[in-house]
Amino acid sequence: MSSPTVSQVRAWSTQGSALTDTAAQIDATVDAFDAVMNNLLRDVDAVSQSWQGDAARASSAQADAEKQFSNRLGIAILDIADDIHRLGPTFVRSCEVARSLADSITGGGYLVADNGTVTPPADARPGRPVDVPAGSDDTVAATIASTNAAVHQQDLMAALATAGQADADLARQVEAALAALGQAADRATTSVPVRPEVSAIVDGRASLPSAPKALNAFWDTLTANEKAALWNADRSVGNRDGIPAADRDHFNRRHLAEMEIAERAKVDDYIAAHPYIKDGKVTAAPGPGGYVTDGRREDEYAKVTARYRALTGLETALDDPTGSNPRFLLQVDDRGRGAVAVNNPDTAANVTTYVPGTGSNLGNIGGGIDRAQTMVGAAERADPRAATSVVAWYGYDAPQGLGAAAGPASAAGAAGPLDSFQDGLRATHEGATASHNTVLGHSYGTVVVGEASSEGHTLDADDLVFLASPGIGGPNSPDDLSLTGVARSDMAQHVYASTATTDPIGLTEGIHGISPNNPEFGAQRFTSDHSNHPRLSDHSAYWDTHPDGTQNQALTNMALIMTGRGDETE
């Protein structure tokens with residue numbers, strides 16, 4: 001490995017955004033590829049409803065083979081982006097260090113050659129270069145300048161060598177990923193062998209590591225073919241905490257398409273059995289022994305179609321309307337749970353998990369994604385230099401009515417999954433610098449966050465935000481909460497709360513214990529504006545923009561907390 005020149009590291013140090021953009025474009029390309037393959041599967045399924053016989057079976061078998069092949073190919077492509085995400089920041093940072101050192105040496109009065117050689121100026125004298133004592137005579141000054149030049153050269157050469165090593169590491173990994181991609185393409189639909197330990201998992205004789213950190217370490221050893229084999233054996237593998245966001249997104253988009261096809265088949269079967277229903281309405285009387293009431297049958301139809309509508313709505317919500325904030329499907333299952341990130345949490349400097357409250361489910365996750373998008377925008381305005389990702393975490397069975405919301409069961413059931421999800425975000429984050437992680441609960445979501453950070457649970461996050469809280473269960477102060485790496489005596493500086501004075505949730509304090517917004521709780525309280533709408537809507541106004549174009553003060557304060565500037569909240 002040869003060291004780069006000074007001019008090379010100067011040029012490379014400005015290419016950080018180019019590397020990031022390249023990786024993002026690769027991710028987007030795989031998303032587009034997945035969409036095409038998913039549409040193909042839908043088309044094949046639609047045709048299979050009326051096409052029978054040997055040719056139909058052969059076509060279906062070919063479609064399955066293409067699905068497996070395209071899955072391997074997609075993962076192989078994502079591995080290239082993952083290498084750039086993982087090693088790119090180290091490469092760019094090493095170039096910035098070498099460039100800064102060269103500039104500092106030059107600014108001090110020394111001559112820096114492109115190969116890193118450092119020499120003193122011909123007219124070295126006391127005070128020139130700047131690290132030569134002003135009180136020395138000319139002869140001593142020249143000697144000191146020569147000695148210091150050698151030291152500066154040694155430091156610069158070491159910095160250039162570090163940049164060269166980082167460049168070589170990145171190039172080697174990308175070249176290996178490209179070679180793996182070529183192999184995946186060459187092998188087309190043929191069977192590809194996997195290692196015995198992976199085969200054991202595929203066959204059910206062993207299991208993937210359950211701890212997110214251990215799973216991430218194991219996942220990093222897998223080839224694209226092995227990852228695809230695991231998905232082929234378990235369609236829900238993309239829901240596992242500890243797998244990188246890009247891989248989870250790829251697998252879960254594929255799974256989403258299959259779930260849509262299955263749910264559409266159920267809807268079609270129902271419609272075939274009930275010909276008097278059209279677009280959810282009873283259009284004619286079925287005759288003797290038929291429907292008891294139109295309303296009952298229409299309600300039944302709505303329930304049958306609800307999951308299909310939720311899945312298709314989720315697919316639509318995955319489209320990025322901004323063109324610059326891609327969305328990652330981190331979880332989707334057949335129980336109506338899901339999680340979608342706006343921007344990649346594995347590469348963002350700031351990562352927030354938004355936990356919604358009563359009534360949240362996969363059918364309305366689009367609203368949660370919109371809130372996540374709003375928070376990303378606010379955070380980017382608060383700190384334009386740092387990338388922010390916000391996850392709409394609908395990964396629990398939220399209470400669907402006020403009666404259920406009065407109890408702790410949903411929150412207790414959600415505590416473990418949220419705890420694991422936060423561990424997964426830490427395990428998969430790329431780069432030497434840890435992200436600033438925040439968990440933000442709204443309404444009943446604050447009860448979930450309270451449960452997940454107490455009663456034996458410790459959330460791997462830097463800050464907690466309780467918004468419009470009815471109480472958070474057992475905790476009566478920040479001291480009763482637990483965050484990884486935060487001493488109990490310091491917890492009060494990491495817990496934030498706010499409830500608008502006109503939010504009716506304030507009337508419910510006591511149902512789930514003391515509200516974090518109560519001064520007696522001891523959290524850092526921040527201001528939330530009331531809305532210009534009927535009072536009940538104030539419970540959801542925290543993300544609103546006022547008629548004059550300004551954002552709710554709550555959103556401004558949330559953005560400060562999310563970007564690590566919670567001490568600036570008002």
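Note that the UniProt record's numbering has the sequence shown beginning at 1, numbered continuously upward. The beta carbon of each residue, even a glycine, is placed where N, CA and C say it ideally should be.
Nearest residue (CA-CA) to residue i, options the options
i           : options                   : result
Y444        : S477, Y396, Y496 and R128 : Y396
E380        : G513, R565 and G471       : R565
Q331        : I271, P408 and R235       : R235
A339        : T305, D31, G363 and T29   : G363
T162        : G116, L459 and G474       : G116
P196        : D220, P212 and E226       : E226
V112        : L73, L156 and V97         : L156
L181        : A224, H429 and Q25        : A224
T527        : I514, T501 and I511       : T501
Q15         : F33, V194 and I84         : I84
G34         : N71, A265 and A211        : At residue 34 the sequence reads Asp, which differs from the Gly that was named. Comparing Cα-Cα distances from D34 to each of N71, A265 and A211, the minimum goes to N71.
V198        : A168, L230, L170 and A214 : L230
L481        : H494, E570 and D299       : H494
A166        : A179, I105 and V92        : V92
residue 608 : V342, L314, K303 and P133 : Outside the displayed span of the chain (1 to 570) sits residue 608, for which this structure offers no information.
I472        : R488, A141 and V447       : V447
E520        : D479, G407, W219 and R488 : D479
S3          : V237, D21 and D169        : D169
I105        : G510, R205, P193 and V130 : V130
Pairwise C-alpha distance: residue j and residue i
i           : j    : result
G416        : S453 : 10 Å
F251        : A405 : 33 Å
Y270        : T556 : 48 Å
G357        : A392 : 11 Å
D203        : D279 : 44 Å
N552        : T5   : 50 Å
residue 601 : D346 : This structure does not reach residue 601, given that the chain is present from 1 up to 570, and the question cannot be answered.
R337        : Y394 : 6 Å
D137        : I144 : 11 Å
Q349        : A432 : Sequence inspection shows Ala at residue 349; the Gln mentioned does not correspond to that position. Cα to Cα, A349 sits roughly 11 Å from A432.
L329        : R128 : 59 Å
G242        : A217 : 8 Å
T499        : H530 : 9 Å
P516        : L208 : 39 Å
Y308        : R371 : 23 Å
A228        : A265 : 26 Å
A24         : E430 : 14 Å
K213        : N361 : 28 Å
T484        : T458 : 6 Å
D114        : Q153 : 12 Å
V449        : R385 : 29 Å
S420        : L160 : 41 Å
P475        : V390 : 26 Å
D319        : R327 : 7 Å
N344        : A122 : 52 Å
S540        : L467 : 10 Å
A171        : R426 : 26 Å
I561        : D383 : 11 Å
DSSP three-state assignment for residue i, whether helix, strand or coil
i           : result
D463        : strand
G338        : strand
Q524        : strand
L222        : coil
T388        : strand
Y301        : helix
A102        : helix
residue 597 : Outside the displayed span of the chain (1 to 570) sits residue 597, for which this structure offers no information.
A382        : helix
H255        : helix
A497        : strand
R240        : coil
Y276        : coil
Q553        : helix
residue 582 : For the chain, the structure presents residues 1 to 570; residue 582 sits outside this window and is missing.
V194        : coil
L318        : coil
H250        : helix
R93         : helix
G510        : strand
Contact test: residue i Cβ vs the ligand FMN heavy atom, cutoff 6 Å
i    : result
V118 : The model depicted lacks the ligand FMN and carries no ligand whatsoever.
What residue ranges within the region 117-191 form continuous alpha helix (DSSP H) runs of no fewer than 4 residues, ordered along the chain? 138-187
Are the region 7-15 and the region 371-378 touching, with three or more C-beta to C-beta distances below 8 Å? no
Should the region 454-462 be called in touch with the region 236-249, which here means at least 3 C-beta pairs below 8 Å? no
The region 87-104 / the region 253-265 touching (three or more Cβ pairs under 8 Å): The answer is no - the region 253-265 does not touch the region 87-104, with fewer than three Cβ pairs under 8 Å.
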